[in-house]
Amino acid sequence: MTDRLGELTAAGVAVWLDDLSRIRLSSGELDRLRREKHLVGVTTNPTIFAKALGDAEEYDWQLHDLAMRGIAVEEAVRNLTAYDVRWACDVMRPAYEASAGVDGRVSLEVDPRLAYETDKTVAEARALWWLVDRPNLFIKIPATEAGLPAITAALAEGISVNVTLIFGLDRYSAVMEAFLAGLEQAKANGHDLSKIGSVASFFVSRVDTEVDKRLEKIGSEQASKLRGRAAVANARLAYERYSQVFASDRWQALADAGAHPQRPLWASTSTKNPDYRDVIYVEELIAPGTVNTMPEPVINAYAEHGETSGDTVTAAYDEARTVFAGLASAGVDMTDVIDTLEREGVEKFEASWNQLLEGVRRSLAAADQGTDHPGDAARSNAQAAERAGGNA
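All residue numbers in the sequence shown are consecutive under UniProt numbering, ending with 392.
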């Protein structure tokens, strides 16, 4: 049988899983994916954890202990999620060692309610870095304007960072600037740059969802021909900027000191529109030195029928610019699209986080009252969180 995920890996794309749960860990499923499906990383977000805590009674013992200790709900959530991420870091440690620290990473996001507060984001990043205490951890920080200086500050302290919720090209350029500044400060602070990792999570499918909605409203023949093309074009132009920045003398000075580049990570790669090929956001974004984080159904779909035809990005820059010109001509304001997606992205993760907090709050109360299954409340709230649409 053709090893399609192996071919994707050989083309320079690191295969990561966009999911985590204690069931996946305790059953050995995560380790199986690492061993059999070329999996070399894991990403999480508030919606994933809200669903995970609602799916498994395996959290009940920890909820019970946290309740007995009188732990506040926010700290309880940190303990619950850090436990899973620490475990996942240990499972992925072989991939970390084999890649000299490039892969084998597991991401844990700061409280999304802090997305517009720089100092609190930095403090939360420090706390989570200390709590998980694994070298292959990534702290996820959103690429809001307030998040940019937090990214620099965290990297300067030697904290590895997954920058999340990037939708637009200009913001992506600002993220790379924050990364370079952070590594320069880390070097000045005496940190070993080879130990510091970073990825920039550039969201894909949500761009098509928003742009297609606007194109359908415009309703012209020109607009119709552009449906399903914005997201891939946007990501390809992001990779062009990445290639330029990481060919600079400024970057070379950091590379000479042992630094690894901040790889582009294609996030939100599940196809939302059933009219589109289910692996389109994998096949159309194959380029060296990238990461594609996928839900397991997308990983399985690629393993079954994905087509790896070499680099599908670098020869398509002009085509991508043509798509953008067409969108502008059709009347799509991409600046407004990007602003809308960032705002909605933060709001969706905040909603999932609040659902997670409420579920844990009720579970702690149930545990304190001696209920047999304190996780039942978390399960109820997880279903509400999933309905709220916070998935990538």
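In this text, a Cβ means the ideal position worked out from N, Cα and C, and glycines have one as well.
For K187, which of T47, P112, G258 has the nearest alpha-carbon?
-> Considering only alpha carbons, the answer is G258.
Among V77, G104, E145, which one has its Cα closest to the Cα of T43?
-> Of V77, G104, E145, the residue nearest in Cα terms is G104.
So what does DSSP say about I48, is it helix, strand or coil?
-> DSSP places I48 in helix when its eight states are reduced to three.
CB-CB length for E240 against Y172, believed under 8 Å = Going by Cβ atoms, the distance from E240 to Y172 rounds to 11 Å, so no, they are not a contact pair.
Whole-angstrom C-beta distance between A154 and G182, which should lie under 8 Å | Confirmed, about 7 Å.
Could you give the DSSP three-state label for T312: helix, strand or coil?
-> Three-state DSSP puts T312 in coil, outside helix and strand.
CA-to-CA distance, V323 to L8, given in whole angstroms | Approximately 26 Å between the Cα atoms of the pair.
On the premise that G228 lies in contact with D249, defined as a C-beta separation below 8 Å, what is that separation, rounded to the nearest angstrom?
-> About 39 Å separates the two Cβ atoms, so there is no contact after all.
Would you mind reading off the limits of the beta strand (DSSP E) that contains F138?
-> It spans 137 to 142 - the beta strand (DSSP E) in which F138 sits, taken as one unbroken run.
Do you know how far the Cα of D111 is from the Cα of A385?
-> Residue placement at A385 is flagged as unreliable, the pLDDT there being 48, under the threshold of 50; the coordinate-derived value follows with that caveat. Approximately 16 Å, taken between the alpha carbons.
In the structure shown, what three-state DSSP assignment does P264 receive?
-> In the structure shown, P264 sits in a strand (DSSP, three-state: E or B).
May I ask you to report which of helix, strand or coil DSSP gives L20?
-> In the structure shown, L20 sits in coil (DSSP, three-state: anything other than H, G, I, E or B).
Measure the alpha-carbon distance for V199 versus S107 and round it to whole angstroms.
-> Those two C-alpha atoms are separated by around 10 Å.
Report the option in R78, V40, K120, G70 whose CA atom is closest to the CA atom of S99.
-> Distance from the Cα of S99 is smallest, within the candidate group R78, V40, K120, G70, for V40.
May I ask which residues mark the beginning and end of the beta strand (DSSP E) holding F203?
-> From DSSP, the beta strand (DSSP E) with F203 extends over 198 to 203.
In three-state DSSP terms, what is G41?
-> The answer is strand: DSSP assigns G41 an E or B state.
Quick one: using the 10 Å Cβ neighbour count with 16 as the cut-off for buried, is H305 buried or exposed?
-> Burial is judged here by how many other beta carbons sit within 10 angstroms of a residue's own beta carbon; H305 has fewer than 16 and is exposed.
For K348, count neighbouring Cβ atoms within 10 angstroms of its own Cβ and tell me buried if that reaches 16, exposed if not.
-> Buried: at least 16 other Cβ atoms inside 10 Å.
Is the stretch 44 to 64 in contact with the stretch 8 to 26, if contact means three or more CB pairs nearer than 8 Å?
-> Touching, per the Cβ criterion.
Return the Cβ separation of M92 and R32 in integer angstroms, given the expectation that the two are a contact with Cβ distance under 8 Å.
-> Actually they do not touch by this definition, with Cβ atoms about 13 Å apart.
E319 - DSSP class collapsed to helix/strand/coil | In this structure, DSSP gives E319 a helical state, which the three-state scheme calls helix.
Distance CB(V211)-CB(V332) smaller than 8 Å | Contact: yes.
Distance CB(I141)-CB(L128) smaller than 8 Å = No, the Cβ-Cβ distance between I141 and L128 is not below 8 Å.
Considering only the beta carbon of each residue, do V360 and L137 sit closer than 8 Å?
-> No, the pair does not count as a contact, with Cβ atoms beyond the cut-off.
Going by beta carbon distance, what residues of the same chain come within less than 7 Å of G389, once the five residues before and after it are set aside?
-> For G389, the pLDDT reaches just 49, beneath the cut-off of 50, and the residue's location in the model is therefore unreliable, although a value from the coordinates is still provided. Within the same chain, G389 has close Cβ partners K348.
Would you kindly check if the distance between the Cβ of R236 and the Cβ of A320 is under 8 Å?
-> It is a contact, given that the beta carbons lie within the stated cut-off.
Leaving out five residues before and five after K272 in sequence, what residues of the same chain have Cβ atoms less than 6 Å from its Cβ?
-> Counting only Cβ-Cβ distances below 6 Å, and skipping sequence neighbours, we find S205, T209.
Whole-number beta carbon distance between V291 and L254, since they are thought to touch under 8 Å | About 20 Å separates the two Cβ atoms, so there is no contact after all.
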